[in-house]
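*Asks:* The opening residue of the sequence shown carries number 60 in my numbering; numbering runs sequentially from there.
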Amino acid sequence: MTASLLDTDILSEVLKKKNPQVVAQAADYLAQYQQFEISAITRYEVMRGLKEKQAVRQLGNFDTFCQKAIVHPITEEILDRASNLWAEARQGGRPCSDPDLIVAATALERGRILATGNVRHYQWIKGLTIEDWRFVPDRDYPAK
Numbered sequence: 060m061t062a063s064l065l066d067t068d069i070l071s072e073v074l075k076k077k078n079p080q081v082v083a084q085a086a087d088y089l090a091q092y093q094q095f096e097i098s099a100i101t102r103y104e105v106m107r108g109l110k111e112k113q114a115v116r117q118l119g120n121f122d123t124f125c126q127k128a129i130v131h132p133i134t135e136e137i138l139d140r141a142s143n144l145w146a147e148a149r150q151g152g153r154p155c156s157d158p159d160l161i162v163a164a165t166a167l168e169r170g171r172i173l174a175t176g177n178v179r180h181y182q183w184i185k186g187l188t189i190e191d192w193r194f195v196p197d198r199d200y201p202a203k
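(1) So, with DSSP's three-state summary, where would you put I69?
(2) Buried or exposed: where does L89 fall if 16 or more other Cβ atoms within 10 Å of its Cβ makes it buried?
(3) Does V174 come out as helix, strand or coil in the three-state DSSP assignment?
(4) In this structure, does DSSP put L205 in helix, strand or coil?
(5) Which same chain residues, not among the five before or five after L109, have their C-beta less than 7 Å away from its C-beta?
(6) Going by DSSP in three states, I137 sits in which element: helix, strand or coil?
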């Protein structure tokens, strides 16, 4: 298992602990790396959702999670790379959501695999390695 950056959707599944495959992947990851890694934009996306629901207990739990995790700041280098991705996406008629592009740029700048269930959002990005923690390798993706 390689060091990974969790996208918002996978982080949400890790926190909810409902998908047994994601829970197993998360446990394996923690056994090897001791802490999760997320982008500051992922932290923002989760926090805004919890604040909208006024989920005070969950906000406290998420704050504790973030204190134990690596939350990568959004740097000028990340924004520069994200803006390049945005231009490429627009020119190619691809998805160009700013949060997604900032997450992808963070993974690229930090040399991390992106753990996401939103494979379509990212599969066009050159140099970005993607893993969907919802699927078991060799079972859900049989060899061709």
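From the three backbone atoms N, C-alpha and C, an ideal C-beta is built for every residue, glycine too.
*Replies:* This is what the structure gives:
(1) Of the three classes helix, strand and coil, the one that applies to I69 here is helix, per DSSP.
(2) Around the beta carbon of L89, a 10 Å sphere encloses fewer than 16 other beta carbons of the protein chains shown; the residue is thus reported as exposed.
(3) Note that residue 174 is Ala in the sequence shown, not Val. DSSP places A174 in the strand class (E or B) of the three-state scheme.
(4) No information on residue 205 is available, as it lies outside the stretch 60 to 203 that the chain covers here.
(5) Cβ within range, chain order: Q117, L118 and F121.
(6) Correct three-state label for I137: helix.
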